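Here's the structure we're looking at; comments come further down.
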Amino acid sequence: WADKPDMGEITSLDETKLKKTETQEKNTLMTKETIEQEKRSEISSPPPSSLRHPRGGGRRATLQDGHERQAAP
Numbered sequence: 007w008a009d010k011p012d013m014g015e016i017t018s019l020d021e022t023k024l025k026k027t028e029t030q031e032k033n034t035l036m037t038k039e040t041i042e043q044e045k046r047s048e049i050s051s052p053p054p055s056s057l058r059h060p061r062g063g064g065r066r067a068t069l070q071d072g073h074e075r076q077a078a079p
């Protein structure tokens with residue numbers, strides 16, 4: 007009997023004695039607008055792989071417009 011809860015305590019619960027709390031949702035879902043905005047920004051920005059030299063061994067990176075930049079040390 008000890009492992010079963012006392013249902014009598016639950017039925018006699020006085021809800022007016024409970025503290026009032028306000029729920030704050032911390033992990034909200036993204037809206038459709040936010041998702042679309044992120045999709046557009048991903049399409050407009052080049053993927054990181056396009057910024058690397060195709061051979062990968064050099065310290066320079068060729069950008070999509072053909073210009074080179076010095077890679078960070």
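Going by our numbering, the letters in the sequence shown line up with residues 7 to 79, in that order.
Ideal placement from N, C-alpha and C gives every residue a C-beta, glycine not left out.
Since the structure is predicted, the reported quantities are computational estimates derived from the model, not experimental observations.
As the crow flies, the alpha-carbon of Asp9 is around 54 Å from that of Gln43.
In the three-state scheme derived from DSSP, where H, G and I count as helix and E and B as strand, Ser47 is classed as helix. When secondary structure is reduced to three states using DSSP, Lys32 falls in the coil class, being assigned neither helix nor strand.
Rounded to whole angstroms, the gap between the alpha carbons of Thr34 and Glu28 is 16 Å.
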